[in-house]
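According to our numbering, the sequence shown is numbered sequentially starting from 4.
C-beta atoms are modelled at their ideal positions from N, C-alpha and C, and glycine is treated no differently.
Every value quoted in this text rests on a predicted model; they were computed, and no experiment measured them.
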Amino acid sequence: MTASVDRASIGLRSERGPILGALMLATGLIAIDATILATAVPSIVRDLGSYQQFPWLFSVYLLAQAVSVPIYSRFADTVGRKPIILLGIALFLLGSILCGFAWSMPALIVFRIVQGIGAGAVAPMSMTIVGDIYTVAERAKVQGYVASVWAISSVVGPALGGIFAQLDAWRWIFWINVPLCLIAGWMLLRNYKEQKQTQRHSIDYGGAVLLTIGLTALILGMLEGGNAWAWLSVQSVLCFGIGVVALLAFGVVERRVAEPIVDLRLVTRRLILTTTLVSLGIGALMLGVTSFAPAYLEGSIGIAPLLSGLAVAALTLGWPLAAANAGRLYLRIGFRRTTLIGMSITTLAAIMLAAVASWPNPFVIAGIAFLLGFGLGWSAAPTLIAAQASVGWGERGAVTGMNAFARSAGSAVGVAVFGAISNAAIAQGAGADDPDTIIHASVWVFVAVAVTAVLTLLAASFMPKDSVEEHSGESGS
Numbered sequence: 004m005t006a007s008v009d010r011a012s013i014g015l016r017s018e019r020g021p022i023l024g025a026l027m028l029a030t031g032l033i034a035i036d037a038t039i040l041a042t043a044v045p046s047i048v049r050d051l052g053s054y055q056q057f058p059w060l061f062s063v064y065l066l067a068q069a070v071s072v073p074i075y076s077r078f079a080d081t082v083g084r085k086p087i088i089l090l091g092i093a094l095f096l097l098g099s100i101l102c103g104f105a106w107s108m109p110a111l112i113v114f115r116i117v118q119g120i121g122a123g124a125v126a127p128m129s130m131t132i133v134g135d136i137y138t139v140a141e142r143a144k145v146q147g148y149v150a151s152v153w154a155i156s157s158v159v160g161p162a163l164g165g166i167f168a169q170l171d172a173w174r175w176i177f178w179i180n181v182p183l184c185l186i187a188g189w190m191l192l193r194n195y196k197e198q199k200q201t202q203r204h205s206i207d208y209g210g211a212v213l214l215t216i217g218l219t220a221l222i223l224g225m226l227e228g229g230n231a232w233a234w235l236s237v238q239s240v241l242c243f244g245i246g247v248v249a250l251l252a253f254g255v256v257e258r259r260v261a262e263p264i265v266d267l268r269l270v271t272r273r274l275i276l277t278t279t280l281v282s283l284g285i286g287a288l289m290l291g292v293t294s295f296a297p298a299y300l301e302g303s304i305g306i307a308p309l310l311s312g313l314a315v316a317a318l319t320l321g322w323p324l325a326a327a328n329a330g331r332l333y334l335r336i337g338f339r340r341t342t343l344i345g346m347s348i349t350t351l352a353a354i355m356l357a358a359v360a361s362w363p364n365p366f367v368i369a370g371i372a373f374l375l376g377f378g379l380g381w382s383a384a385p386t387l388i389a390a391q392a393s394v395g396w397g398e399r400g401a402v403t404g405m406n407a408f409a410r411s412a413g414s415a416v417g418v419a420v421f422g423a424i425s426n427a428a429i430a431q432g433a434g435a436d437d438p439d440t441i442i443h444a445s446v447w448v449f450v451a452v453a454v455t456a457v458l459t460l461l462a463a464s465f466m467p468k469d470s471v472e473e474h475s476g477e478s479g480s
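Next comes the structure, spelled out in structure tokens:
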């Protein structure tokens with residue numbers, strides 16, 4: 004797909020500027036949502052109940068996002084990017100309204116699924132459109148604009164979440180999305196004119212169902228095992244058994260259908276495989292810290308939600324600051340080395356976080372979280388753009404979708420694993436109201452985060468040494 008605009012200039016005042024502005028606002032929807040909820044979790048739990056269930060608020064959202072991303076990507080390669088991103092914004096709007104009216108934790112969890120289905124279109128389509136209308140060299144500069152959205156959201160999101168929580172008005176965390184959705188949709192309708200390359204695709208609904216069943220069963224087993232039932236109970240065996248069987252069946256189906264929801268043939272390419280694994284780890288690391296750090300600080304030393312949001316704000320501020328400079332770095336030294344530098348920083352920060360977690364201090368945690376976010380920002384952009392630049396227009400939607408799927412799946416499963424670790428520690432202690440128990444549980448969560456960082460760094464080390472930067476000129480087509 005090529006845009007019917009002049010490609011000679013970059014920026015918000017260029018001919019492509021209104022499109023970029025609309026994509027930045029659409030990205031802002033997801034960026035704010037990624038940071039605004041975590042600081043209000045204790046407030047939501049006090050109102051709706053069940054501390055042990057709060058990881059579901061993140062897992063179901065991310066699971067819905069992960070499963071829907073590849074479906075949207077296939078549709079986008081057929082009908083175009085514009086109708087898909089507009090559909091995503093509409094669903095995200097509906098989900099946000101419903102979440103604000105939730106009357107119980109189960110209702111809020113269900114409405115978060117609607118939000119996640121919408122987010123599954125907004126995030127990857129924004130990046131796919133950027134890949135369509137900008138060359139690789141231009142994308143390095145455009146990344147600065149996109150990074151600014153995350154930088155602003157990293158401050159605004161936790162601050163708003165903390166303010167709403169302290170005012171006991173957590174429902175506005177979701178209703179704040181309504182005007183943003185309406186403005187972003189209007190801007191895209193008015194400014195984005197695309198000339199799509201028509202390609203007919205079949206949609207792998209069977210694969211989508213099996214993937215949903217498999218991941219849901221595994222997440223259910225991890226979050227409820229040792230909580231709602233014993234780990235070695237019939238329920239646990241059924242959950243993990245169904246999950247494994249469904250995912251194995253999913254793998255068989257994906258190898259047989261003409262156009263799979265997750266094209267496993269793509270991961271036979273070393274670059275796509277390694278960048279997908281890195282994205283999987285990045286997703287787990289991001290949510291592992293942002294979803295548990297505020298509850299850890301508030302539960303252990305009783306600080307206000309606004310102050311606990313410092314940790315989330317620091318991490319999500321470090322990410323875009325690094326991403327804004329990652330473009331210049333990977334154009335100079337390559338995708339692989341840039342990613343290795345980023346993941347080395349991330350791993351160091353994760354180990355530091357696990358080491359100091361027994362002595363909760365919001366400013367120390369915020370400083371380490373900033374370093375961790377900086378490393379993630381230096382890793383995420385090179386892995387995505389390396390994958391995009393290695394394929395032509397016809398596969399770019401699928402590759403972008405796979406990258407987004409991996410990050411969302413990593414986040415969903417990561418939160419579930421970390422939640423299972425936290426719940427197990429709390430069950431052995433004095434309960435979720437005891438500060439020492441919260442500290443003990445959080446230490447084990449952050450140890451798991453550090454292990455995840457080491458494994459992700461290992462995956463990055465297997466990226467091809469001579470990466471696609473030498474052949475990236477074709478990506479601008």
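Practice prompt. With a 10 Å radius around its C-beta and 16 neighbouring C-beta atoms as the bar for buried, classify W106 as buried or exposed.
Written response: So W106 ends up on the exposed side.
Item to complete: Check whether the Cβ atoms of T219 and M405 sit closer than 8 Å, and answer yes or no.
Response: Not closer than 8 Å, so no.
Worksheet item: Can you pull the DSSP bridge partners for E262?
Response: DSSP, once it has assigned bridges, lists no residue as partnering E262.
Discussion item. Check whether the region 173-188 and the region 91-108 are in contact - that is, three or more C-beta pairs closer than 8 Å.
Written reply: Segments in contact, yes.
Discussion item. With H, G and I counted as helix, E and B as strand and the rest as coil, what does DSSP make of G432?
Written reply: In the three-state reduction of the DSSP assignment, G432 falls in the coil class.
Worksheet item: Going by alpha carbons, who is nearest to L379 out of N364, V292 and I47?
Response: Selected option, being the one with the closest Cα: V292.
Item to complete: Would you give the residue range spanned by the alpha helix (DSSP H) that Y333 belongs to?
Response: Segment P308 to I336, the alpha helix (DSSP H) holding Y333.
Worksheet item: Pairing CB atoms from the region 180-195 with CB atoms from the region 247-263, are three or more of them under 8 Å?
Response: No, the region 180-195 is not in contact with the region 247-263.
Worksheet item: For I120, which of helix, strand or coil comes out of DSSP?
Response: Of the three classes helix, strand and coil, the one that applies to I120 here is helix, per DSSP.
Worksheet item: From this set, I206, G210 and R335, which residue's C-alpha is nearest V82's C-alpha?
Response: Measuring C-alpha to C-alpha distances from V82 to each of I206, G210 and R335 identifies I206 as the nearest.
Worksheet item: Leaving out five residues before and five after G476 in sequence, what residues of the same chain have Cβ atoms less than 6 Å from its Cβ?
Response: Low per-residue confidence applies at G476: pLDDT is 40, beneath 50, and the placement is therefore not dependable, though the value from the model is reported in the following sentence. Result list for G476: empty, nothing under 6 Å.
Worksheet item: According to DSSP, is S129 helix, strand or coil?
Response: Looking at S129 - three-state DSSP - the assignment turns out to be helix.
Worksheet item: Taking the C-alpha atoms as reference points, what is the distance between I442 and T350?
Response: Cα to Cα, the separation comes out at about 21 Å.
Discussion item. Looking at the secondary structure, which residues open and close the alpha helix (DSSP H) in which R77 lies?
Written reply: For R77, the uninterrupted alpha helix (DSSP H) segment begins and ends at F57 to V82.
Practice prompt. Leaving aside the five residues before and after I33 along the sequence, list all residues of the same chain whose C-beta is less than 7 Å from its C-beta, in chain order.
Written response: Closer than 7 Å at Cβ, skipping near neighbours: A122, V125 and A126.
Worksheet item: Exposed or buried, which one is L23 when buried takes at least 16 other CB atoms within 10 Å?
Response: By the neighbour-count definition (other C-beta atoms within 10 Å, threshold 16), L23 is a buried residue.
Item to complete: Can you give me the Cβ contacts of E262 inside the same chain, cut-off strictly under 8 Å, excluding the 5 residues immediately before and after it?
Response: R77, H204, S205, I206 and D207.
Worksheet item: Using DSSP with H/G/I as helix, E/B as strand and the rest coil, what is W362?
Response: DSSP places W362 in coil when its eight states are reduced to three.
Worksheet item: Which value, in whole angstroms, describes the spacing of the CA atoms of L226 and A69?
Response: Distance between L226 and A69, taken at the CA atoms: about 18 Å.
Worksheet item: Per DSSP, G228 forms a beta bridge with which residues?
Response: Looking at the DSSP output, G228 bridges to W232.
Practice prompt. Name the residue from A298, L458 and R19 whose alpha carbon lies nearest to the alpha carbon of G286.
Written response: Checking every option, the nearest Cα to that of G286 belongs to L458.
Worksheet item: Would K85 pass as a contact of G330 if the rule is Cβ separation under 8 Å?
Response: Cβ atoms of K85 and G330: not closer than 8 Å.
Item to complete: To the nearest angstrom, report how far apart G52 and L66 are at their CA atoms.
Response: In this structure, the CA atom of G52 is about 22 Å from the CA atom of L66.
Worksheet entry | Own chain, CB closer than 7 Å to F114, minus 5 neighbours either side, in chain order | Result list for F114: G98, L101, C102 and A105, in chain order.
Fill in: Proximity to L185 [Cα-Cα], best of G244, L90 and F253
Nearest option by C-alpha distance: L90.
Fill in: Between the CA atoms of S294 and V265 - distance to the nearest angstrom
Rounded to whole angstroms, the gap between the alpha carbons of V265 and S294 is 27 Å.
Item to complete: Let me know if V240 comes out buried or exposed under the rule of 16 or more other beta-carbons within 10 Å of its beta-carbon.
Response: Label assigned to V240: exposed.
Worksheet item: What residue does the alpha helix (DSSP H) around D439 start on, and which one ends it?
Response: Here the alpha helix (DSSP H) through D439 covers P438 to S464.
Discussion item. Buried or exposed for H474, going by 16 or more other Cβ atoms inside 10 Å?
Written reply: Unreliable positioning characterises H474 in this predicted model, as indicated by a pLDDT of 41, which lies under 50. A coordinate reading is not provided.
Item to complete: Leaving out five residues on either side along the sequence, give the residues of the same chain with a beta carbon under 6 Å from the beta carbon of V325.
Response: In the sequence under discussion, the amino acid at residue 325 is Ala, which differs from the Val named in the question. Contacts found: F377, G380 and W381.
Fill in: Length of the line joining the Cα atoms of P73 and I216
Taken atom to atom, the span from the alpha-carbon of P73 to that of I216 is near 16 Å.
Worksheet item: With burial defined as no fewer than 16 other Cβ atoms inside 10 Å of the residue's Cβ, what is the status of T30: buried or exposed?
Response: Buried is the label assigned to T30, since at least 16 other Cβ atoms lie within 10 Å of its Cβ.
Worksheet item: For N485, is the classification buried or exposed, using 16 other Cβ atoms within 10 angstroms of its Cβ as the cut-off for buried?
Response: Limits of the chain in this structure are 4 at one end and 480 at the other, which puts residue 485 out of reach.
Item to complete: Determine the closest residue to I136 out of F421, G20 and A307, with distance taken between C-alpha atoms.
Response: When only C-alpha atoms are compared, the closest one is G20.
Practice prompt. Express the C-alpha separation of V315 and A433 in angstroms, rounding to a whole number.
Written response: Linking A433 to V315 through their CA atoms gives a straight-line distance of about 27 Å.
Worksheet item: Run through DSSP, which three-state label would W175 get?
Response: Reduced to three states, the DSSP call for W175 is helix.
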